[in-house]
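Participant:
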Amino acid sequence: MVEKKRNLRKLEGELWREVPHSNGRYQVSNYGRVKSFAYNKTEGKMMIGFIINRFRVIQLNINKQAKKYYVHKLVAEHWIPKPSDKHTIVTHLDGNMRNNHVSNLEWHTRESLAEKHREYEKQRDRRFRKRNPASHSKLKEEDIRLLKSMLEKGVVQAKIAKMFCLSEMQVTRIKRGENWGHVQPLDPESKKTNR
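The sequence shown begins at 213 in this note's numbering and counts up one residue at a time.
1. Does the region 235 to 248 come into contact with the region 278 to 291, if we say contact requires no fewer than three beta-carbon pairs (one atom in each stretch) closer than 8 Å?
2. Are Lys280 and Ile264 closer than 9 Å when you measure CB to CB?
3. What number of angstroms, rounded off, separates the C-alpha of Asn316 from the C-alpha of His299?
4. Taking a contact to mean a Cβ-Cβ separation below 9 Å, would you say Lys387 touches Leu351 in this structure?
5. Mapping DSSP to helix, strand and coil, what is Val287?
6. With DSSP run on the structure shown, which of helix, strand or coil describes Asn273?
7. According to DSSP, which residues form a beta bridge with Leu317?
8. Taking 9 Å as the CB-CB limit, is His284 close to chain C?
9. Between the beta-carbon of Trp319 and the beta-carbon of Glu353, is there less than 9 Å?
10. I need the boundaries of the beta strand (DSSP E) containing Gln423, first residue and last residue.
11. Between Asn275, Arg237 and Ala326, which has its C-alpha nearest Met259's C-alpha?
12. By Cβ distance, which residues of its chain are closer than 8 Å to Gln239, with the 5 residues on each side in sequence left out?
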């Protein structure tokens, strides 16, 4: 794995800080870029690095030891104060793992990250259900029409539950209209014409 470097283009508002213990060899910017002064002592060369698991990674030689660093974590360590020692995880606010700008990064504890993921999952599920309320169901509208027709005819709920592989409680909820309330039973006239 060869570390790529290229000439540095100046960006407006970009600020640089030296990476500690690097003897002035490396700097990290608030824009999420890293430059090396190993071969160009005055201007430095931008380090491109490589991608591991969607994250940009660079290799730095610090104290004569080559070590890989996640760029987003380097940026956070140099530009964002850590709220506590428990805050060891850095996340990307916009979900774009290549956007390592300081404004897009945030420190988390394991607990706060787990909570953030739970909230994200809830929102994603809500959006999914809104678009397609029956998409996560093993039953289709036709099944529900037939089930409701059977309920109207007085078929025992336990028998219906077994027939459709449902719990009796689920059949009760369908009967009450709590679930699938928008679906009407089969029309007796349509059954005659379909035969």
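Every residue gets a Cβ at the ideal spot worked out from N, C-alpha and C, and that includes glycine.
Facilitator: If we stick to the structure as given:
1. yes
2. Locating residue 280 in the sequence shown gives position 68, counting from the first residue. Locating residue 264 in the sequence shown gives position 52, counting from the first residue. Yes. Within cutoff.
3. Within the sequence shown, the letter at position 104 stands for residue 316. Within the sequence shown, the letter at position 87 stands for residue 299. About 16 Å.
4. By 1-based counting over the sequence shown, the position of residue 387 is 175. By 1-based counting over the sequence shown, the position of residue 351 is 139. Not in contact: Lys387 and Leu351 (Cβ atoms no closer than 9 Å).
5. In the sequence shown, counting from the first residue as 1, residue 287 sits at position 75. Correct three-state label for Val287: helix.
6. On the sequence shown, residue 273 is found 61 positions in, with the first residue counted as 1. Reduced to three states, the DSSP call for Asn273 is strand.
7. If you number the sequence shown from 1, residue 317 lands on position 105. Paired residues: His304.
8. In the displayed structure, chain C is absent; only one protein chain is listed.
9. Position 107 of the sequence shown, counted from the start, is the residue given in the question as residue 319. Position 141 of the sequence shown, counted from the start, is the residue given in the question as residue 353. It is not a contact, given that the beta carbons lie outside the stated cut-off.
10. The chain is shown from 213 up to 407; residue 423 falls before or after that span and cannot be answered.
11. Reading the sequence shown from its first residue, position 47 is the one you call residue 259. Of the candidates Asn275, Arg237 and Ala326, the one whose C-alpha sits nearest the C-alpha of Met259 is Arg237.
12. One-based indexing of the sequence shown puts residue 239 at position 27. If we look at Gln239 and ignore the five residues flanking it on each side, its Cβ neighbours are Trp228, Arg229, Glu230, Val231, Val246, Lys247, Phe249 and Gly256.
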